[in-house]
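Residue numbers (UniProt numbering): 1 to 266. We put the CB at the ideal spot given by N, CA and C, even for glycine. Just so it is clear, the structure is predicted and the values come from calculations on it, not from any experiment. Everything on this sheet refers to the single structure shown next.
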DNA sequence: GCGACAG
DNA sequence: ATCTTGTCGC
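Below you can see the structure in the form of structure tokens.
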């Protein structure tokens, strides 16, 4: 009888992974390094932000089947949307076999390889629509070592990425970054769509931001720098992609990879 | 030791 | 992540 815990990584394996993250993080760029520009205009005292030359935004995700054994299979998806219309112009999927369990803080070691494959395939086959920035379903710098899946993928692919999480990952940097404090502050400060508050720890470090997508969405999303982009720009791009709580690139990646599972596997 | 814990 | 119908509200 093979149960799932015989595939659990050892402590030394996790320490090795942590070293890999710290090593790769040396290449991390947390400022805007983009091939499009941002302009901020004043319109009756209101800030109007425009991204000039931004045409293609990507979204990546993995969807899993009902797993019963330790042999998990999943579908990885890469979606490209036209900006600013948010029309889907490309989708691709790949099936993945996964043996390692999910471990908070080490998500990239489960998911990054198939996502990287999809990106490299697109760059080879259709370089003209390769996304100028990719929104990733998972955190970037909002991570114990400031190097979550979004940053990991961004560095390996050398592409600008933004991390978006649906749940808060607690960071060990003082009381302000505990689950309880973040929940309370979200309720207190995020009153309308577009409201944000910075997730700053006791050290002064800013790890990401809690963002209210729309007026009618109560639960925030958690935005952080992936790679080659600033937190401010990340938040602004995410907000421009929000027709619902989850920004369209990752929302479409999620919807379409699930649909793929329904039609091809189930 | 206990609790927390992206997807 | 995923199992799942109805249901409350705009």
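*Can the beta-carbon of residue 119 be found closer than 9 Å to that of residue 224?*
no
_I want to know whether the region 57-66 touches the region 130-147 - three or more CB-CB distances under 8 Å._
yes
*Could you check which residue in 24, 213 and 162 has the C-alpha nearest to that of residue 230?*
162
*By a C-beta neighbour count over all protein chains shown, 10 Å radius and 16 as the cutoff for buried, is residue 188 buried or exposed?*
exposed
*Please report how far the alpha carbon of residue 96 lies from the alpha carbon of residue 77, in whole angstroms.*
11 Å
*Starting from residue 37, trace the beta strand (DSSP E) both ways and give me its first and last residue.*
37-43
*Would you check if there are 3 or more beta carbon pairs closer than 8 Å linking the region 239-247 to the region 209-221?*
yes
*Could you say which of 110, 86 and 36 lies nearest to residue 17 if we only look at CA atoms?*
110
*asked:* Helix, strand or coil, according to DSSP, for residue 83 in the structure here?
replied: coil
*Beta-ladder partner(s) of residue 97, from DSSP*: 73
*Verify whether the separation of the beta carbon atoms of residue 147 and residue 28 is less than 9 Å.*
yes
*Cβ neighbours of residue 216 in the same chain (closer than 7 Å, five flanking residues each side left out)*: none
*Determine the burial state of residue 212: buried for a count of at least 16 other Cβ atoms within 10 Å of its Cβ, exposed for fewer.*
buried
*Mind pulling the beta strand (DSSP E) runs of 3 or more residues that sit fully within the region 212-259?*
221-227
*Which partner residues does residue 64 have in the DSSP bridge list?*
74
*Considering only the beta carbon of each residue, do residue 51 and residue 101 sit closer than 9 Å?*
no
*Can you tell me which of the three DSSP states residue 198 falls into?*
strand
*By how many angstroms is the C-alpha of residue 48 removed from the C-alpha of residue 66?*
44 Å
*Can you tell which of 257, 169, 256 and 214 has the C-alpha that lies nearest to the C-alpha of residue 103?*
169
*Output the distance between the C-alpha atoms of residue 38 and residue 10, rounded to the nearest integer angstrom.*
45 Å
*So, is residue 248 buried or exposed, given that buried needs 16 or more other C-beta atoms within 10 angstroms?*
buried
*Start and end of the beta strand (DSSP E) containing residue 137?*
133-137
*Between the C-alpha atoms of residue 1 and residue 13, what's the straight-line distance to the nearest angstrom?*
Because the pLDDT at residue 1 is just 40, under 50, the model does not fix this residue reliably, and the value given afterwards should be weighed accordingly. Straight-line Cα distance between these residues: approximately 24 Å.
*Runs of alpha helix (DSSP H) wholly within the region 100-135 (minimum 4 residues, chain order)*: 108-125
*Could you name the residues that DSSP lists as bridge partners for residue 47?*
42
_For a quick check, are the C-beta atoms of residue 156 and residue 122 less than 9 Å apart?_
no
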